[in-house]
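Oh and the sequence shown: position 14 is 42 in our numbering, straight run, nothing missing. Heads up, the beta-carbon is just placed ideally off N, CA and C, and yes, glycines get one too. Just so you know, these numbers come straight off a predicted model, no measurement behind them.
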Amino acid sequence: MAHQNFTINEEKLTPEQKTVVEEDYRSRMLVVAGPGTGKTHTLMHRLKNLVINQGLEPFSEIIVLSFSRAAIKEIKSRSGALVGSKGGNLFNNLNIYTFDSFATRLLMAADPDRDLSEFDYDGRIALAVNELKNLGSEV
Numbered sequence: 029m030a031h032q033n034f035t036i037n038e039e040k041l042t043p044e045q046k047t048v049v050e051e052d053y054r055s056r057m058l059v060v061a062g063p064g065t066g067k068t069h070t071l072m073h074r075l076k077n078l079v080i081n082q083g084l085e086p087f088s089e090i091i092v093l094s095f096s097r098a099a100i101k102e103i104k105s106r107s108g109a110l111v112g113s114k115g116g117n118l119f120n121n122l123n124i125y126t127f128d129s130f131a132t133r134l135l136m137a138a139d140p141d142r143d144l145s146e147f148d149y150d151g152r153i154a155l156a157v158n159e160l161k162n163l164g165s166e167v
C-alpha cells in the first residue's frame with residue numbers, strides 16, 4: 029500500500045498524546061486516562077499515523093481493544109471520518125472489539141463447539157488468557 033506522510037497537528041495534541049501517536053508500531057501500549065482527556069482523539073491520530081506513516085494494513089495488522097461497547101461505538105464512528113489520500117476510508121474493516129468479545133472470538137476459533145454460557149465477562153477473558161498461555165508453553 030502506497031502511503032503519503034501525514035504530519036501530526038501539534039496544536040490539537042498534548043505532548044503526552046503526541047508521544048502516543050508517534051510511537052513505533054512495534055511498541056506495546058496501554059493508555060489509561062480519565063473521561064474527557066482525549067483518549068479517542070489520540071487513538072484516531074495514532075491509527076492514522078500507523079497506516080499512513082508506518083505502513084500498517086488496518087484489517088490485517090491492527091487490532092483495537094476497549095473495555096466498553098460505548099467506546100467501541102465512538103471509535104467506529106470517528107474512524108469513519110478518517111480518509112486516505114485517495115478519499116477512501118482507511119478503516120472500513122478495522123478490527124475493534126471489547127476485551128470480552130475478543131476473548132470469546134479466540135475461544136470459539138480454537139473450539140467452535142465449546143459452550144461458554146457458564147462463563148461471565150471476566151471468566152471468558154481469564155479462560156482466553158489461560159488458553160493463550162498454554163499455547164505459548166507448547167510452542
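(request) Sort out for me which residues DSSP pairs I80 with in a bridge. (result) Answer by DSSP bridge pairing: none, since I80 is not bridged.
(message) Taking the straight line between their C-alpha atoms, what separation do you get for I153 and S107?
(response) Rounded to whole angstroms, I153 and S107 show a C-alpha spacing of 26 Å.
(request) Would you tell me roughly how many angstroms separate the C-alpha atoms of H73 and V92, rounded to the nearest one? (result) If I take the Cα positions, the gap works out to 13 Å.
(message) Let me confirm a value: P86 is counted as buried when at least 16 other C-beta atoms fall within 10 Å, else exposed. Which label applies?
(response) Looking at its Cβ environment, which holds 16 or more other Cβ atoms inside 10 Å, P86 is buried.
(request) Ignore the nearest five residues each way along the sequence and tell me which others in G164's own chain have a CB closer than 7 Å to its CB. (result) Taken in chain order, the list of residues that qualify is empty.
(request) Identify every residue that forms a DSSP beta bridge with N123. (result) Partner(s): I91.
(request) Determine the DSSP secondary structure at M136, reduced to helix, strand or coil. (result) Here M136 carries a helix assignment [DSSP, helix/strand/coil].
(message) So, at 6 Å on beta carbons, what are the nonlocal neighbours of L134 in its own chain, with the 5 sequence-adjacent residues on each side left out?
(response) Within the same chain, L134 has close Cβ partners A156.
(message) Using the Cβ count rule (16 or more neighbours within 10 Å means buried), how would you classify D141?
(response) Exposed is the call here.
(request) With a 10 Å radius around its C-beta and 16 neighbouring C-beta atoms as the bar for buried, classify T132 as buried or exposed. (result) T132 should be labelled buried.
(request) Below 8 Å CB to CB, which residues in the same chain sit around I90 once its five sequence neighbours on both sides are set aside? (result) Excluding sequence positions up to five before and after I90, its CB lies within less than 8 Å of the CB of L75, L78, V79, L84, L122, N123, all in the same chain and listed in chain order.
(request) Could you tell me the distance, in whole angstroms, from the CA atom of E44 to the CA atom of D139? (result) Cα-Cα distance, rounded: 41 Å.
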